[in-house]
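What follows is a set of notes on a single structure, which appears directly below.
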Amino acid sequence: MTHEIDIEAGRLLFARPIVFVKGCVKLADLPPADRAEIAFAGRSNVGKSSLINALTGTKDLARTSNTPGRTQELNIFESESAPLRIVDMPGYGFAEAPKAKVEAWTRLIKQYLTGRPNLRRVYVLIDGRHGPKAVDLTILNLLDKTAVSYQIVLTKADKMLPRDLEGIITATKAAIAKRPAAHPDVIVTSSETRDGMEILRAEIEFLTRS
Ligand SMILES: Nc1nc2c(ncn2[C@@H]2O[C@H](COP(=O)(O)OP(=O)(O)O)[C@@H](O)[C@H]2O)c(=O)[nH]1
Ligand SMILES: [Mg+2]
4 MTHEIDIEAG RLLFARPIVF VKGCVKLADL PPADRAEIAF AGRSNVGKSS LINALTGTKD
64 LARTSNTPGR TQELNIFESE SAPLRIVDMP GYGFAEAPKA KVEAWTRLIK QYLTGRPNLR
124 RVYVLIDGRH GPKAVDLTIL NLLDKTAVSY QIVLTKADKM LPRDLEGIIT ATKAAIAKRP
184 AAHPDVIVTS SETRDGMEIL RAEIEFLTRS
């Protein structure tokens with residue numbers, strides 16, 4: 004990390020209560036763009052809900068579910084006492100998804116990415132065991148096209164051997180090297196061991212300052 008991130012400030016930000024506000028199926032449902040917003044995206048089952056729970060130190064703020072692809076909403080979470088909004092984007096890439104559902108997803112995501120001047124960064128979660136796959140490229144392409152800053156977060160690092168993880172990190176960095184809106188660093192996380200949570204909290208705190 005090149006900028007000055009502050010681990011303690013990140014810890015304090017996420018020690019404050021963070022609450023679920025609502026689910027939004029269209030742009031008009033979103034709260035006003037009045038504070039820094041950070042979004043999380045990823046394939047269904049990548050560990051997005053688990054990561055949001057681990058970040059916020061809650062058990063079921065974002066519902067962890069084994070039924071992939073059920074949520075087709077932008078779920079909004081806000082700090083009660085700090086200018087932070089977290090947006091849990093609907094998962095993608097679930098098998099046997101009807102075309103209409105994929106189209107609805109794409110429409111909502113496009114609207115969201117082009118319609119939020121307060122959106123500071125999208126964290127794109129990718130399974131640490133697999134690295135970026137074809138399904139992930141849709142969101143990466145959308146992010147590059149809409150020029151929304153994003154960073155890759157590898158999940159489920161606890162399920163990997165360190166040696167294999169190194170290979171995945173290298174492959175992931177290669178996949179984003181030429182992408183204009185991608186942050187060059189990759190954050191490695193585990194919601195089980197809490198690896199990477201301190202860094203992620205501190206990064207988010209840094210992003211809410213501007
Ligand atoms: N071992 C391990 N399992 C995880 C981790 N994160 C999520 N999982 C599991 O992966 C499955 C999907 O997680 P979930 O958070 O619901 O994924 P989502 O669909 O992206 O919200 C669940 O069975 C979780 O328990 C992790 O860091 N380590
Ligand atoms: Mg989920």
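Residues in the sequence shown are numbered from 4 upward in steps of one, following this note's numbering.
Using N, Cα and C, we set each Cβ at its ideal position, and we do this for glycine too.
8 Å contact criterion, which ILE89 and ILE129 should meet: CB distance rounded: Between ILE129 and ILE89 the Cβ distance is about 19 Å, and since that is not below 8 Å, they are no contact.
Suppose you measure from the CA of PHE23 to the CA of PHE80; what does that come to, to the nearest Å? 4 Å
Quick one: using the 10 Å Cβ neighbour count with 16 as the cut-off for buried, is THR175 buried or exposed? buried
Which residues mark the beginning and the end of the beta strand (DSSP E) in which PRO187 is found? 185-191
Check the C-beta distance from GLU83 over to PRO20 and give it rounded, since I have them as a contact under 8 Å. 5 Å
Closer than 6 Å: is that where the CB of GLU195 sits relative to any heavy atom of ligand 1? yes
Are there any heavy atoms of ligand 2 lying less than 6 Å away from the beta-carbon of LYS51, as far as the coordinates show? yes
Roughly how many whole angstroms lie between the Cα atoms of SER152 and TRP108? 20 Å
Does the Cβ of GLY170 have 16 or more other Cβ atoms within 10 Å, making it buried, or fewer, making it exposed? exposed
Give the straight-line distance between the Cα atoms of LYS159 and ILE172, rounded to the nearest whole angstrom. 13 Å
Using the DSSP secondary-structure output, state which residues sit across from GLN154 in a beta bridge. TYR126
So GLY131 and MET92 are in contact, right, with Cβ under 8 Å, and what is the actual spacing, rounded? With 8 Å as the limit, GLY131 and MET92 do not qualify as a contact, their Cβ atoms being about 19 Å apart.
So what's ILE8 in DSSP terms, helix, strand or just coil? coil
Measuring CA to CA, which of LEU143, TYR126 and VAL28 is closest to ILE207? TYR126
For ILE8, I'd like the list of residues in its chain whose CB is within less than 8 Å of its CB, leaving aside the five on either flank, ordered along the chain. ILE202, ALA205, GLU206, GLU208 and PHE209
Quick test of your reading: ARG124 and GLY94, contact by CB under 8 Å. State the CB separation rounded to the nearest angstrom. No, ARG124 and GLY94 are not in contact; Cβ-Cβ is about 19 Å, not under 8 Å.
At what residue ranges does the region 40-70 contain a whole run of the beta strand (DSSP E), taking only runs of 3 or more? none
Just list the residues that DSSP pairs PHE23 with in beta bridges. PHE80
Would you tell me roughly how many angstroms separate the C-alpha atoms of THR192 and LEU168, rounded to the nearest one? 11 Å
Shorter than 6 Å, the distance from the beta carbon of GLY131 to the closest heavy atom of ligand 1, or not? no
When you compare each of ARG166, ILE179 and PRO165 to LEU146 by their alpha carbons, which one comes out closest? ILE179
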